[in-house]
Every structure is written in structure tokens, then in C-alpha cells.
Amino acid sequence: MRLPVARVGQNRAMPLSSPPAAADRQAWLHWAVLGLGAGAAVSSVVAGATSALAAHFAKQVVTPRKRDENLQILAVVQALGGLEVILPANEDTTVEGTYSLYFDEGRGHARIGAIKSFVPREGTVQREVEAVYAGDIRSAVRGWWSGAVYPAPSALGFADEPVDVPIAGGIAPAWLVRAETPASTWAIMVHGRGVQRSEGLRAVHTARELGMTSLLVSYRNDGEAPFAPDGRYGLGMTEWRDIEAAMEYAFSHGAQDVVLFGWSMGGAICLQAADISRYRSRIRALVLDGPVIDWMDVLTHQAELNRIPAPAGRLGQWLISNRFGRVVTGLSTPVDLKSMDWVSRADQVTVPTLILHSEDDEFVPVGPSAELAERNPAFVTFERFHRARHTKEWNVDPDRWHSVTADWLRNQVFDRTEPKRTLSGP
């Protein structure tokens, strides 16, 4: 029997597909399994790469490490006014102000001043060498740029008075710079991540002219104080205990109360101390320069800056803040990042706080600082700077930094307990 031939235009029901033969079914299953396997393999590779990136990122955040000599020193020349250094032109070296150039793995240190010549098409900048504190800059080939201008109090004309602050694990060395006419309030200077107590020397003139004796401290893992048992940064969650020890030292040597100055991570440390230290009622004020107000915001920014995919960045934060991440990070205790989000906790900041922060800060975004002040204007004052890179507000405009800080402290602290003093610039 012949099947009827379908004619053009004839309506005829046709199956969508014919059932596959046994051989076809086997081939189809074979390729389907291969496809699923390939998809799983790709997903596994992607997941593995994300996990590896996250682990590396998390470990880098909490592990102290040696500074990189990432700046080439092209030449040092003799000019009419003295030595000048020629450097690659970048976002740091082309900003006006006074800075430090460390070289010879940190053994050499020079203070760098005004820009003498800058031709963008040549890609170099020539700057004045104001002073060489250590080493021979003329033979230096690489170094790093820093906002910590002075190496010790003696560079400011004050005595290098070393003192020892007992902390868990040993002794933390500190400098004591006495005020000429001491007030009962001391200033405790808390440096940031990856730097040392010399960072706080920029604020000593301001503190001293207000009558505050300054204690410039070291703390765990900074290369001067003893290392923590796990050898890891707590991002403020653990370091505040060393600042509490510094306060205890101050109180046992005549201070009645203190003002905490903090730079970068030092700002996060100061906020922790003001929140949970047993001496928090004796903290009169906080002065925070480029502070970390919200670690999650900073870590998200750093992940983007380093081209780390968002999922890896979020996983890195999870590793830092979760006990399951300890095997990767080496932290003995997870860091509670959410508890250090002071924008969300704005109403819990009850110590008068001055924040000085540049909108051009490349490391710690200025947004959370501004938002904290907006949410809590009763206790937080925000002073916006321009052009300065991370914690270099003083370097770009020391007169403004001094006047803003001194006037604010006088109004917040000294008008109420101490006679006014006439202030001068640093």
C-alpha cells in the first residue's frame, strides 16, 4: 500500500520529530554527558579561580609585609639650591607638598619638597631634596613614597624621649614629646597599616601648642612592637588593646584624659578603643585622618582597584570574617567587619570626632567619612581636602590641617577645661 503523497497546500499533521533509533539515542546520550561534564569542568575551573583569588586577597589584607620599593629613582642632580631628585611622574610624585622618599630597603630616608620641573610628555618630575636623614640618596636606585615626613622628634627640634609601653606579648616602644606648658590632656598618635609611629609626628606641633604631651605609639605587627600570636592584622579588632595600654601609660604618668589621633587603619583602631575600652569615658575627642570608617567599603574598593572580580572580593571578605576562613587567612579569630561599619552605627559614635579626608584618597574612599558626619552631625565634623592622596592631607596643606585641627580641638576640648592659647602654624 502506497502512502498518499502530500500535495502543496494540503493540510497534514506531521510529528515534530521522529523517535530516535537506538544508535542515535546512544550518540545523543554520549554528547549530552560530555556536554554536562564540560560545563561542570568549566564551572569548577571558574569556582577554583574565584576561590584562589579570594584566598590570596583575604590573606594579603591581614598579613603584615615589607614595603615594596616600587618607585624608580632615575637620577639625583646638584642644582643651585642643593640636591634635586628625578622620579617617574605618577599620581603621587606630581602632587605639590612635602613628602618622604625611603630607599635602600628603608635604611635611607630623604625629605622631598617642591616640584622644580614637570614635563608630562617626558614622564618625569624633578623635585627638591630638602633633607637627607639617613643613607646616600645619590646612589639610590629604588625606593618608596611616603607621607611620614620626619624620622623622629629630633627632626622637629624636640627631644627623642623613648618610653616603653607594656602590652600583651612584651613592650611596645613609643616616643614621648612633652608640652612646654602641659595640660591634663595628652595626645596619643596611632599610625596606620604598614607604617610606623613616625607617621604621627606631623601632628605633634598642633598637639604641643595646645598644651598636649604627645605619646607616639607602636602596636602589634607594625615591625616595632611584638607580633601578635597569629602574626596577623586584626584591622582594629585586636590592635585597640595596645592603644588601651598606651592610655593606661598616660594616666599613670599624669594625664587625666586623652585625645586619640588616628591615620587610616589607626582611625579604625581609635574608633574601636572609643567604643569598647574600659577607658572610653576618658577619651575626650578623636582626630582621624583618612580613616577606615567601613572596612567592607574599603575592601570592595581595593578589589575593584586590583581588578579582582566582585564574587572573589566578596568571598575574600567572608574568609576574613568567618571562622571557616582561618585556615586560609591565618587569623586566630575572625574579624567582625560588620561591627566596624560606623556608617551603619553612626548613632553610636558619641565621642566628638573630627575627620580630615581627601576626596582624592586612592586607598580609602572618602564617601563613608562624609556619610558618617552627615548621619551624626552632633558628634562628627567632616573636613574635606582636595588633591591629597591617602593620609597626605597634612603634606599638601599643613597650614590648613593645623588650623582646622587646632581650632576644632580648642572648641571641643580646651575651651571647656583649659585657658585658650595663641596658636601658630606648624
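Mapping of the sequence shown onto the UniProt record's numbering: residues 1 to 426, in sequence order.
We put the CB at the ideal spot given by N, CA and C, even for glycine.
Check	Outcome
Rounded to whole angstroms, what is the Cα-Cα separation between V125 and E84?	10 angstroms
Can you grab the Cα-Cα spacing for the pair A250 / D347, in whole Å?	29 angstroms
For a test of the three-state rule: what should DSSP assign to G157, helix, strand or coil?	coil
From which residue to which residue does the beta strand (DSSP E) around D407 run?	D407 -> not in any beta strand (DSSP E); alpha helix (DSSP H) instead, spanning 398-409.
Expressed to the nearest angstrom, what Euclidean distance is found between the alpha-carbon atoms of A159 and V177?	7 angstroms
Identify every run of the beta strand (DSSP E) within the segment 199-258, keeping only runs that are complete inside it and at least 3 residues long; order them along the chain.	214-217
So with Cβ pairs under 8 angstroms, would you call H386 a contact of chain B?	Within the model displayed, chain B is absent; a lone protein chain is all it includes.
How is the beta strand (DSSP E) around D289 delimited, first residue to last?	283-289
Given a cut-off of 8 angstroms, decide if P166 and W175 are closer than it, judged by their beta-carbon atoms.	no
Which value, in whole angstroms, describes the spacing of the CA atoms of A54 and R241?	29 angstroms
What do you get for H386, buried or exposed, if any count of 16 or more other CB atoms within 10 angstroms of its CB means buried?	exposed
Start and end of the beta strand (DSSP E) containing T353?	353-358
Which residues in the same chain as D361 place their Cβ atom closer than 6 angstroms to its Cβ, once the five residues preceding and following it in sequence are excluded?	G290, H390
Expressed to the nearest angstrom, what Euclidean distance is found between the alpha-carbon atoms of Q412 and I86?	44 angstroms
I need the straight-line Cα distance from T185 to M247, nearest angstrom please.	11 angstroms
Taking the Cβ atom as the reference point for each residue, do G313 and T329 lie within a distance shorter than 8 angstroms?	no
Where does P88 sit, in a helix, a strand or coil, going by DSSP?	strand
Which complete beta strand (DSSP E) runs does the segment 92-151 hold, if anything under 3 residues is left out?	99-103, 108-119, 124-134, 142-146
By Cβ distance, which residues of its chain are closer than 8 angstroms to G81, with the 5 residues on each side in sequence left out?	E128
Taking the CB atoms as reference points, tell me whether G211 and A245 lie closer together than 8 angstroms.	no
So, at 7 angstroms on beta carbons, what are the nonlocal neighbours of Y102 in its own chain, with the 5 sequence-adjacent residues on each side left out?	G108, H109, G143, W144, S146
Report buried or exposed for V119, applying the criterion of at least 16 other Cβ atoms within 10 angstroms of its Cβ.	exposed
Helix, strand or coil: which one does DSSP assign to P311?	helix
So, using beta-carbon positions, are S218 and P173 closer together than 8 angstroms?	yes
Can you tell me the Cα-Cα spacing of T405 and L372, whole angstroms?	18 angstroms
Which residue from E239, D294, P182 puts its Cα closest to that of S214?	P182
Taking the alpha helix (DSSP H) that I188 belongs to, which residues open and close that run?	From DSSP, I188 is part of no alpha helix (DSSP H) but of the beta strand (DSSP E) over 185-190.
Within 8 angstroms, do at least three Cβ pairs link the segment 324-339 to the segment 348-355?	no
Is there contact between the segment 265-282 and the segment 230-240, where contact requires at least three CB pairs shorter than 8 angstroms?	yes
In three-state DSSP terms, what is I293?	coil
When the distance is taken between beta carbons, is V335 closer than 8 angstroms to G234?	yes
Would you mind reading off the limits of the alpha helix (DSSP H) that contains V328?	326-329
Classify R278 as helix, strand or coil using the three-state DSSP reduction.	coil
Please classify D222 as buried or exposed, where buried requires at least 16 other C-beta atoms within 10 Å of its C-beta.	buried
Taking the Cβ atom as the reference point for each residue, do V190 and L156 lie within a distance shorter than 8 angstroms?	no
Within 10 angstroms of its Cβ, does G192 collect 16 or more other Cβ (buried), or is it exposed?	buried
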